[in-house]
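K.L.:
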Amino acid sequence: MNRFEQTFSLLKENNKKAFIPYIMAGDGGLESLVDRMSLLERFGAAAIEVGVPFSDPVADGPTIQRAGLRALENGTTLKGIVAELEKAREIISIPILLMSYINPIYSYGIEKFVQEIRKAGVDGCIIPDLPIEEEDIITQQLEEAQVELIRLVTLTTPIERIRVISRKGKGFLYTVTVKGITGERNKYDTDLYKFLKTVKKVSPIPVMAGFGISNEEQIADLTNYCDGVIVGSKIVDLFEQNRISDMEKLMFSYKHKTKLG
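For the sequence shown, numbering that gives the first Met the number 0 assigns the number 0 to the initial residue and increments by one for each residue that follows.
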(Lines of atoms letter the chains of each structure in order from A and count residues from 1; the text may use other names and numbers.)
(Lines give C-alpha, C1' and ligand atoms only; values in the text may rest on other atoms or scores of the structure.)
Protein backbone atom coordinates (compact mmCIF):
# COMPACT_ATOMS: atom_id res chain seq x y z
CA MET A 1 0.00 0.00 0.00
CA ASN A 2 1.56 3.33 -1.07
CA ARG A 3 1.25 6.64 0.81
CA PHE A 4 -1.83 7.76 -1.16
CA GLU A 5 -3.64 4.50 -0.43
CA GLN A 6 -2.67 4.68 3.24
CA THR A 7 -3.82 8.30 3.51
CA PHE A 8 -7.20 7.86 1.85
CA SER A 9 -7.83 4.56 3.58
CA LEU A 10 -7.21 6.14 6.99
CA LEU A 11 -9.40 9.14 6.15
CA LYS A 12 -12.25 6.91 5.04
CA GLU A 13 -11.90 4.76 8.12
CA ASN A 14 -12.27 7.89 10.28
CA ASN A 15 -15.05 9.42 8.11
CA LYS A 16 -12.88 12.40 7.19
CA LYS A 17 -12.00 14.27 4.01
CA ALA A 18 -8.59 15.32 2.69
CA PHE A 19 -7.17 18.83 2.68
CA ILE A 20 -4.26 19.23 0.25
CA PRO A 21 -2.54 22.64 0.22
CA TYR A 22 -0.55 23.86 -2.78
CA ILE A 23 2.63 25.89 -2.40
CA MET A 24 5.01 27.32 -4.97
CA ALA A 25 8.56 26.07 -4.52
CA GLY A 26 11.00 28.96 -4.24
CA ASP A 27 8.44 31.61 -3.35
CA GLY A 28 9.94 33.17 -0.24
CA GLY A 29 13.25 31.48 -1.09
CA LEU A 30 13.87 27.85 -1.87
CA GLU A 31 15.51 27.45 1.53
CA SER A 32 12.07 27.98 3.10
CA LEU A 33 10.42 25.07 1.26
CA VAL A 34 11.12 22.33 3.81
CA ASP A 35 9.99 24.49 6.73
CA ARG A 36 6.77 25.44 4.92
CA MET A 37 5.99 21.83 4.09
CA SER A 38 6.65 20.80 7.69
CA LEU A 39 4.33 23.56 8.86
CA LEU A 40 1.52 22.43 6.56
CA GLU A 41 1.83 18.84 7.73
CA ARG A 42 1.67 20.02 11.34
CA PHE A 43 -1.47 22.06 10.53
CA GLY A 44 -3.19 18.92 9.22
CA ALA A 45 -2.47 18.59 5.49
CA ALA A 46 -3.30 15.13 4.11
CA ALA A 47 -0.70 15.63 1.36
CA ILE A 48 1.20 18.60 -0.08
CA GLU A 49 1.27 19.75 -3.70
CA VAL A 50 4.50 21.56 -4.59
CA GLY A 51 4.49 23.73 -7.71
CA VAL A 52 7.46 24.14 -10.04
CA PRO A 53 7.70 27.77 -11.24
CA PHE A 54 7.30 28.12 -14.99
CA SER A 55 7.21 31.17 -17.26
CA ASP A 56 4.13 30.00 -19.21
CA PRO A 57 1.75 28.51 -16.60
CA VAL A 58 -1.44 27.98 -18.63
CA ALA A 59 -3.55 26.68 -15.72
CA ASP A 60 -2.49 29.20 -13.05
CA GLY A 61 -4.29 32.39 -12.09
CA PRO A 62 -2.70 35.73 -11.09
CA THR A 63 -1.81 34.76 -7.49
CA ILE A 64 0.11 31.63 -8.46
CA GLN A 65 1.55 33.31 -11.54
CA ARG A 66 3.05 36.03 -9.34
CA ALA A 67 4.37 33.41 -6.92
CA GLY A 68 6.02 31.61 -9.84
CA LEU A 69 7.66 34.82 -11.05
CA ARG A 70 8.96 35.56 -7.54
CA ALA A 71 10.37 32.03 -7.36
CA LEU A 72 12.08 32.37 -10.75
CA GLU A 73 13.52 35.74 -9.71
CA ASN A 74 14.90 33.98 -6.63
CA GLY A 75 16.81 31.65 -8.94
CA THR A 76 14.65 28.58 -8.30
CA THR A 77 15.44 25.60 -10.51
CA LEU A 78 13.89 22.16 -10.84
CA LYS A 79 17.18 20.59 -9.75
CA GLY A 80 17.16 22.74 -6.61
CA ILE A 81 13.53 21.84 -5.86
CA VAL A 82 14.24 18.12 -6.10
CA ALA A 83 17.17 18.51 -3.71
CA GLU A 84 14.93 20.30 -1.17
CA LEU A 85 12.20 17.67 -1.52
CA GLU A 86 14.73 14.98 -0.68
CA LYS A 87 15.45 16.88 2.56
CA ALA A 88 11.71 17.28 3.19
CA ARG A 89 11.08 13.55 2.84
CA GLU A 90 13.37 12.93 5.81
CA ILE A 91 10.90 14.68 8.14
CA ILE A 92 7.54 14.54 6.31
CA SER A 93 5.42 11.38 6.31
CA ILE A 94 2.43 12.47 4.17
CA PRO A 95 2.38 12.14 0.36
CA ILE A 96 4.32 14.73 -1.64
CA LEU A 97 3.03 15.80 -5.06
CA LEU A 98 5.06 17.69 -7.62
CA MET A 99 3.11 19.87 -10.06
CA SER A 100 4.82 20.95 -13.27
CA TYR A 101 4.05 21.51 -16.91
CA ILE A 102 5.47 19.11 -19.48
CA ASN A 103 7.97 21.54 -21.04
CA PRO A 104 10.20 21.93 -17.95
CA ILE A 105 10.14 18.15 -17.45
CA TYR A 106 10.95 17.48 -21.10
CA SER A 107 13.73 20.06 -21.03
CA TYR A 108 15.15 18.53 -17.82
CA GLY A 109 15.05 15.08 -19.34
CA ILE A 110 12.15 12.73 -18.60
CA GLU A 111 14.28 9.78 -17.50
CA LYS A 112 16.44 11.96 -15.28
CA PHE A 113 13.38 13.75 -13.85
CA VAL A 114 11.62 10.54 -12.88
CA GLN A 115 14.72 8.94 -11.39
CA GLU A 116 15.51 12.00 -9.30
CA ILE A 117 12.01 12.62 -7.95
CA ARG A 118 11.76 8.94 -7.05
CA LYS A 119 15.03 9.24 -5.12
CA ALA A 120 13.65 12.37 -3.44
CA GLY A 121 10.59 10.47 -2.21
CA VAL A 122 7.97 12.17 -4.37
CA ASP A 123 4.73 10.14 -4.49
CA GLY A 124 2.92 11.70 -7.40
CA CYS A 125 3.08 14.14 -10.32
CA ILE A 126 0.48 16.54 -11.66
CA ILE A 127 1.09 17.65 -15.26
CA PRO A 128 -2.01 19.67 -16.24
CA ASP A 129 -1.09 20.21 -19.88
CA LEU A 130 -0.43 16.52 -20.60
CA PRO A 131 -3.53 14.87 -22.16
CA ILE A 132 -3.99 11.11 -21.87
CA GLU A 133 -3.38 10.77 -25.63
CA GLU A 134 0.19 12.01 -25.11
CA GLU A 135 0.98 10.70 -21.63
CA ASP A 136 2.89 7.65 -22.88
CA ILE A 137 5.84 10.01 -23.07
CA ILE A 138 6.25 9.54 -19.30
CA THR A 139 3.83 6.95 -17.90
CA GLN A 140 6.04 3.89 -18.20
CA GLN A 141 8.91 5.62 -16.40
CA LEU A 142 6.57 6.83 -13.64
CA GLU A 143 5.02 3.38 -13.21
CA GLU A 144 8.43 1.73 -12.92
CA ALA A 145 9.42 4.33 -10.33
CA GLN A 146 6.10 3.86 -8.48
CA VAL A 147 5.33 7.56 -8.79
CA GLU A 148 1.62 8.13 -9.49
CA LEU A 149 0.48 10.34 -12.36
CA ILE A 150 -2.44 12.34 -10.98
CA ARG A 151 -4.85 12.99 -13.83
CA LEU A 152 -7.35 15.83 -14.18
CA VAL A 153 -10.91 16.16 -15.42
CA THR A 154 -12.87 19.38 -15.86
CA LEU A 155 -16.46 20.58 -16.08
CA THR A 156 -16.26 20.23 -19.85
CA THR A 157 -14.89 16.68 -19.87
CA PRO A 158 -17.48 14.24 -21.35
CA ILE A 159 -18.62 11.40 -19.09
CA GLU A 160 -17.06 8.65 -21.21
CA ARG A 161 -13.72 10.43 -21.13
CA ILE A 162 -14.00 10.83 -17.33
CA ARG A 163 -14.64 7.11 -17.11
CA VAL A 164 -11.52 6.33 -19.17
CA ILE A 165 -9.30 8.82 -17.31
CA SER A 166 -10.41 7.73 -13.85
CA ARG A 167 -9.87 4.04 -14.66
CA LYS A 168 -6.33 4.79 -15.80
CA GLY A 169 -5.67 6.81 -12.68
CA LYS A 170 -4.13 5.96 -9.35
CA GLY A 171 -3.73 8.02 -6.20
CA PHE A 172 -6.73 10.27 -6.78
CA LEU A 173 -8.61 12.02 -9.58
CA TYR A 174 -8.15 15.82 -9.65
CA THR A 175 -11.48 17.41 -10.53
CA VAL A 176 -11.20 21.02 -11.70
CA THR A 177 -14.16 22.96 -10.32
CA VAL A 178 -14.13 25.97 -12.66
CA LYS A 179 -14.04 26.67 -16.38
CA GLY A 180 -10.82 28.61 -16.21
CA ILE A 181 -7.60 29.14 -14.30
CA THR A 182 -6.78 28.91 -10.58
CA GLY A 183 -7.74 31.71 -8.18
CA GLU A 184 -10.35 32.53 -5.59
CA ARG A 185 -14.01 32.54 -6.68
CA ASN A 186 -17.11 33.97 -5.02
CA LYS A 187 -19.40 31.33 -6.50
CA TYR A 188 -19.33 28.21 -8.64
CA ASP A 189 -21.04 27.02 -11.79
CA THR A 190 -24.56 25.84 -10.97
CA ASP A 191 -23.80 22.44 -12.50
CA LEU A 192 -20.74 21.79 -10.31
CA TYR A 193 -22.39 19.72 -7.60
CA LYS A 194 -24.14 17.53 -10.17
CA PHE A 195 -20.83 17.17 -12.00
CA LEU A 196 -18.99 16.12 -8.82
CA LYS A 197 -21.67 13.54 -8.06
CA THR A 198 -21.24 12.10 -11.55
CA VAL A 199 -17.45 11.98 -11.28
CA LYS A 200 -17.65 10.38 -7.85
CA LYS A 201 -20.07 7.77 -9.18
CA VAL A 202 -17.86 6.64 -12.08
CA SER A 203 -14.39 7.02 -10.52
CA PRO A 204 -12.83 3.94 -8.87
CA ILE A 205 -10.29 6.17 -7.07
CA PRO A 206 -10.79 9.08 -4.60
CA VAL A 207 -12.04 12.33 -6.13
CA MET A 208 -10.47 15.63 -5.09
CA ALA A 209 -11.86 19.05 -6.01
CA GLY A 210 -9.52 21.93 -6.80
CA PHE A 211 -9.32 25.45 -8.34
CA GLY A 212 -10.99 28.50 -6.84
CA ILE A 213 -11.51 27.12 -3.34
CA SER A 214 -10.72 29.62 -0.60
CA ASN A 215 -13.21 29.58 2.28
CA GLU A 216 -14.76 27.15 4.69
CA GLU A 217 -18.27 27.46 3.23
CA GLN A 218 -17.03 26.31 -0.18
CA ILE A 219 -15.12 23.44 1.39
CA ALA A 220 -18.09 22.35 3.48
CA ASP A 221 -20.28 22.34 0.36
CA LEU A 222 -17.83 20.59 -1.95
CA THR A 223 -16.80 17.86 0.48
CA ASN A 224 -20.40 16.65 0.50
CA TYR A 225 -19.74 15.42 -3.05
CA CYS A 226 -16.08 14.37 -3.11
CA ASP A 227 -13.22 13.04 -0.97
CA GLY A 228 -11.49 16.32 -0.25
CA VAL A 229 -10.20 19.61 -1.59
CA ILE A 230 -7.01 21.16 -2.92
CA VAL A 231 -6.44 24.80 -1.89
CA GLY A 232 -3.77 26.77 -3.74
CA SER A 233 -4.08 30.52 -4.17
CA LYS A 234 -5.32 31.13 -0.63
CA ILE A 235 -2.34 29.26 0.87
CA VAL A 236 0.12 31.01 -1.47
CA ASP A 237 -1.39 34.37 -0.53
CA LEU A 238 -1.15 33.70 3.23
CA PHE A 239 2.49 32.63 2.93
CA GLU A 240 3.31 35.75 0.90
CA GLN A 241 1.80 37.96 3.60
CA ASN A 242 3.48 35.88 6.33
CA ARG A 243 0.08 35.38 7.98
CA ILE A 244 1.06 32.06 9.52
CA SER A 245 -1.27 32.32 12.49
CA ASP A 246 -4.15 33.02 10.09
CA MET A 247 -3.19 29.95 8.08
CA GLU A 248 -3.15 27.83 11.21
CA LYS A 249 -6.60 29.10 12.21
CA LEU A 250 -7.86 28.54 8.67
CA MET A 251 -6.70 24.93 8.41
CA PHE A 252 -7.81 23.97 11.90
CA SER A 253 -11.15 25.68 11.26
CA TYR A 254 -11.57 23.73 8.04
CA LYS A 255 -10.75 20.48 9.79
CA HIS A 256 -13.12 21.16 12.65
CA LYS A 257 -16.10 22.20 10.55
CA THR A 258 -15.79 19.81 7.66
CA LYS A 259 -14.26 16.69 9.20
CA LEU A 260 -11.15 17.21 7.13
CA GLY A 261 -8.26 14.92 7.89
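Glycine included, each C-beta is placed from N, C-alpha and C at the ideal position.
Where does the unbroken beta strand (DSSP E) through Leu-148 begin, and where does it stop?
P.N.:
147-149
K.L.:
With C-beta atoms as the reference, is Gly-227 less than 9 Å away from Phe-53?
P.N.:
no
K.L.:
Which residues in the same chain as Val-152 place their Cβ atom closer than 8 Å to its Cβ, once the five residues preceding and following it in sequence are excluded?
P.N.:
Arg-160, Ile-161, Ile-164, Ser-165, Leu-172, Tyr-173, Thr-174, Val-175, Val-198
K.L.:
Does the Cβ-Cβ distance between Ile-22 and Val-57 come in under 9 Å?
P.N.:
no
K.L.:
Please report the residue range of the beta strand (DSSP E) in which Glu-142 lies.
P.N.:
From DSSP, Glu-142 is part of no beta strand (DSSP E) but of the alpha helix (DSSP H) over 138-144.
K.L.:
My output table needs one value for Val-235: the three-state DSSP class, helix, strand or coil.
P.N.:
helix
K.L.:
What separation, rounded to the nearest whole angstrom, lies between the Cα atoms of Gly-120 and Asp-220?
P.N.:
A straight-line Cα-Cα distance of about 33 Å links Gly-120 and Asp-220.
K.L.:
Can you give, in chain order, each stretch of the alpha helix (DSSP H) that sits fully within the segment 71-132 and has at least 4 residues?
P.N.:
77-88, 101-107, 109-119
K.L.:
On a Cα-Cα basis, can you pick out the residue from Ile-101, Thr-156, Glu-115 that is closest to Glu-133?
P.N.:
Ile-101
K.L.:
Could you tell me how far apart the beta carbons of Val-51 and Leu-77 are, in whole angstroms, since I believe they sit closer than 8 Å?
P.N.:
About 6 Å; that satisfies the 8 Å criterion.
K.L.:
Let me confirm a value: Asp-26 is counted as buried when at least 16 other C-beta atoms fall within 10 Å, else exposed. Which label applies?
P.N.:
buried
K.L.:
Short check: CB of Val-33 to CB of Glu-83, under 9 Å?
P.N.:
Yes, the Cβ-Cβ distance between Val-33 and Glu-83 is below 9 Å.
K.L.:
Between the C-alpha atoms of Asp-188 and Ile-158, what's the straight-line distance to the nearest angstrom?
P.N.:
Approximately 17 Å between the Cα atoms of the pair.
K.L.:
Does DSSP put Phe-7 in a helix, a strand or coil?
P.N.:
helix
K.L.:
Under the three-state reduction of DSSP, which class applies to Pro-61: helix, strand or coil?
P.N.:
helix
K.L.:
Let's see if you can read the secondary structure: which residues bound the alpha helix (DSSP H) around Val-198?
P.N.:
Per DSSP, the continuous alpha helix (DSSP H) segment holding Val-198 begins and ends at 191-201.
K.L.:
Tell me whether the beta-carbon of Met-207 lies closer than 9 Å to the beta-carbon of Leu-38.
P.N.:
no
K.L.:
Since Phe-7 and Pro-130 are thought to touch, with beta carbons under 8 Å apart, how far apart are those beta carbons, to the nearest angstrom?
P.N.:
Phe-7 to Pro-130, Cβ: 25 Å. No contact.
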